[in-house]
Amino acid sequence: MDKFVIRGGNPLVGTIRVSGAKNSALPCMAAALLTEDEVILENIPQVHDIETERKLLVSMGADVNLGYGRAQHRTTICCKNLSDPVAKYEIVKTMRASSLVLGPLVARIGMARVALPGGCAIGGRPIDLHIKGLEKMGATITQEHGYLEARATRLKGAHIFFDKITVTGTEDLLMAAVLADGETLLENCAREPEVADTAALLTSMGAKIEGAGTSTIRVQGVTSLHGARHRINPDRIEAGTFLIAGAITQGDLIVDNCNPAHLGALIDKLTQMGVSVETIAPDQLRVRASHPLYAVDMSTEEYPGFPTDMQAQFMALATQADGVSQIKENIFENRFMHVQELVRMGANIKVDGRVATVRGKTTLSSAAVMCSDLRASASLVLAAMVADGETILDRVYHMDRGYERFEEKLRSVGAQIRRMGNVFATKDTAPENI
Ligand code: EPZ
Numbered sequence: 002m003d004k005f006v007i008r009g010g011n012p013l014v015g016t017i018r019v020s021g022a023k024n025s026a027l028p029c030m031a032a033a034l035l036t037e038d039e040v041i042l043e044n045i046p047q048v049h050d051i052e053t054e055r056k057l058l059v060s061m062g063a064d065v066n067l068g069y070g071r072a073q074h075r076t077t078i079c080c081k082n083l084s085d086p087v088a089k090y091e092i093v094k095t096m097r098a099s100s101l102v103l104g105p106l107v108a109r110i111g112m113a114r115v116a117l118p119g120g121c122a123i124g125g126r127p128i129d130l131h132i133k134g135l136e137k138m139g140a141t142i143t144q145e146h147g148y149l150e151a152r153a154t155r156l157k158g159a160h161i162f163f164d165k166i167t168v169t170g171t172e173d174l175l176m177a178a179v180l181a182d183g184e185t186l187l188e189n190c191a192r193e194p195e196v197a198d199t200a201a202l203l204t205s206m207g208a209k210i211e212g213a214g215t216s217t218i219r220v221q222g223v224t225s226l227h228g229a230r231h232r233i234n235p236d237r238i239e240a241g242t243f244l245i246a247g248a249i250t251q252g253d254l255i256v257d258n259c260n261p262a263h264l265g266a267l268i269d270k271l272t273q274m275g276v277s278v279e280t281i282a283p284d285q286l287r288v289r290a291s292h293p294l295y296a297v298d299m300s301t302e303e304y305p306g307f308p309t310d311m312q313a314q315f316m317a318l319a320t321q322a323d324g325v326s327q328i329k330e331n332i333f334e335n336r337f338m339h340v341q342e343l344v345r346m347g348a349n350i351k352v353d354g355r356v357a358t359v360r361g362k363t364t365l366s367s368a369a370v371m372c373s374d375l376r377a378s379a380s381l382v383l384a385a386m387v388a389d390g391e392t393i394l395d396r397v398y399h400m401d402r403g404y405e406r407f408e409e410k411l412r413s414v415g416a417q418i419r420r421m422g423n424v425f426a427t428k429d430t431a432p433e434n435i
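Written as structure tokens, this is what we have:
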């Protein structure tokens, strides 16, 4: 299994470019199931989760060309022939976002068999709200042998209120509703930019959607959708990770190809800590930190609140702030696995239920540490970039799921980071991830 070797101490200086958003690309790729025509997606990130989704669609009979070699990472997907509409466990167990094919498959061909994703490192990750919504739209859902089977001659429009705000639940049912008979009203929806990005693609395919990006979405079902071309949003979590990388290394970093409007909660917290974050162009942020940081409290919330996907990275920064930071994780029940690894590097962090108390500033020292999930891995890279000595990060396949060329990008702005590969391991032999 690949490892990262990171020597701390270098401030990051220069310009670092953000890739397309993995969490937009995944629902947008699933949306291609809704039409027989070709769908072209640009700015798809070259990360392992996208490869997993490619395999999933191909296993169902779709033609998928990720097109990374081409300009704009132009991906073409054609789901004309869905010979085997089954999301198999071997694939679903490595990426729970596979459940995003449920709604589109039932909407397009009237049935779907999807392996239940099971839990993952950060929590139980149920999909009960996806199921409840589809049943309200008239689908018959049975569960056996670890698979969910959904059937409907044609879904019908319904009024669905999400008991909990769910990002992929909103996306899944939005994709079900666009081909349903009649109007669907979705309430208490997720407002994440990735929902609006998916809706933008669906609209360009001929869907009739109002309110995407707000908590209430209204959909007028149509009988069919056509192909389209769509450019994926920049990845706001990668951009946020780079902002913290510039801050924690006391550097002067320009984060390019990002959307500052998607980063409000993080920018506010960084500013409170004494970090300078300036919008220097519509798609560029400049981050600088050259003096002691102030400790601030933070609670993760659904968008536009502070993103749970930035919690681990923020915690690494909090170890370098003077004072006590209380970090509350409100979204997932087990998203503090980076804590013990940060403590092994010298951080002073105590966890009580969903609250982690960080006492800084602590000098971090290099250690051999283990990645446990995608964002926890990013947190350890950030900590290693300020730790004394050389840190070895194991199981970096977690990083490869959602960060494109991460070590190359960081090296290009001064980080001392290199990948140590294991010639025998392949990503496919990696144990399941989130
Ligand atoms: C999406 O996951 C993201 N993944 C996650 O990013 C992100 O952390 C999460 O949203 C929250 O922002 C993708 O978009 C592919 P949820 P999702 O449904 O949709 C509960 C990353 O690092 N819930 O919004 O699976 C659930 O248990 C990943 O890129 C139910 O109870 O998350 C959680 O407590 C990690 N029943 C809360 O809702 C359901 O049917 C929010 O989960 C669905 C969710």
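Each number in the numbering used here corresponds to the 1-based position in the sequence shown with 1 added. For every residue, glycine included, the Cβ atom is placed at its ideal position computed from N, Cα and C. Given the structure is predicted, the values throughout are model-derived calculations rather than measurements.
Q) Nearest to Thr167 by CA position, among Leu267, Gln327, Ser216, is which residue? A) Ser216
*Beta-carbon separation of Pro235 and Val382 under 7 angstroms?*
no
**Prompt:** Any chance the CB of Val93 is under 6 angstroms from a heavy atom of the ligand EPZ?
**Reply:** no
Are three or more beta carbon pairs between the segment 372 to 386 and the segment 306 to 320 nearer than 8 angstroms?
yes
Backbone CA spacing between Met421 and Lys56 [nearest angstrom]: 27 angstroms
Quiz prompt | Beta carbon proximity, Arg18 to chain C, threshold 7 angstroms | solution = Among the chains of the structure shown, chain C does not appear; only one protein chain is present.
To which residues does DSSP link Gln312 through a beta bridge?
-> According to DSSP, which records beta bridges pairwise, Gln312 is partnered with nothing at all.
To which residues of the same chain is Cys190 closer than 6 angstroms at the C-beta, ignoring the five residues directly before and after it?
Thr171, Ser216, Ile218
Below 8 angstroms CB to CB, which residues in the same chain sit around Thr427 once its five sequence neighbours on both sides are set aside? In this prediction, Thr427 scores a pLDDT of 48, lower than 50, which makes its location untrustworthy; no coordinate-derived value is stated.
Run the CB neighbour count on Arg192, radius 10 Å, all protein chains shown included, and call it buried at 16 or more, exposed below. buried
Using the three-state DSSP reduction, which class does Thr169 fall into: helix, strand or coil? helix
inquiry  = With DSSP as the reference, identify every bridge partner of Leu254, one or two as the case may be.
reply    = Gly15, Val288
Measure the C-alpha to C-alpha separation of Ala98 and Leu13 and round it to an integer number of angstroms. 33 angstroms
Q: Could you say which of Lys362, Gly147, Thr169, Ala159 lies nearest to His131 if we only look at CA atoms?
A: Thr169
inquiry  = Between His227 and the ligand EPZ, is there a pair consisting of the residue's CB and a ligand heavy atom that are separated by less than 6 angstroms?
reply    = no
State whether the segment 143 to 154 contacts the segment 199 to 215, with contact taken as three or more CB pairs (one from each stretch) at a distance under 8 angstroms.
no
The ligand EPZ and Thr309: does any heavy atom of the ligand fall closer than 6 angstroms to the residue's C-beta?
yes
Exercise. Which first and last residues belong to the beta strand (DSSP E) in which Ile7 is found?
Worked result: 4 to 8
ask   = In chain order, which beta strand (DSSP E) runs of at least 3 residues are fully inside the segment 330 to 397?
value = 349 to 353, 356 to 361, 369 to 371, 391 to 395
**Prompt:** Does at least one heavy atom of the ligand COA sit under 6 angstroms from the Cβ of Thr169?
**Reply:** The ligand COA is absent from the structure shown, which contains only the ligand EPZ.
Q.
Judging by CA-CA distance, which residue of Ala262, Gly21, Gly125 is the nearest neighbour of Gly46?
A. Inspection of the sequence shows that residue 46 is occupied by Pro rather than by Gly. Among Ala262, Gly21, Gly125, the Cα nearest to that of Pro46 is on Gly21.
- Should Ser373 be labelled buried (16 or more other beta-carbon atoms within 10 Å of its own) or exposed? buried
- Message: For Phe162 and Leu187, I'd like the C-alpha separation in whole angstroms.
- Response: 6 angstroms
**Q.** For Pro127, three-class secondary structure by DSSP
**A.** coil
Next on the checklist: Please report the distance separating the alpha-carbon of Met299 from that of Gln327.
Outcome noted: 6 angstroms
Exercise for review: Using a threshold of 7 angstroms, state whether the C-beta atoms of Ala32 and Leu202 are closer than that.
Suggested key: yes
Identify every run of the beta strand (DSSP E) within the segment 7 to 88, keeping only runs that are complete inside it and at least 3 residues long; order them along the chain.
14 to 18, 39 to 43, 64 to 66, 76 to 79
| said: If distances are taken between C-alpha atoms only, which option among Gln321, Pro293, Ile92, Met206 comes closest to Gly361? | reply: Gln321
**Request:** Kindly indicate which three-state DSSP category Gln327 falls into: helix, strand or coil?
**Result:** strand
Worksheet item: Does DSSP classify Met400 as helix, strand or coil?
Response: helix
Look up Leu226 in the DSSP assignment and say whether it is helix, strand or coil.
coil
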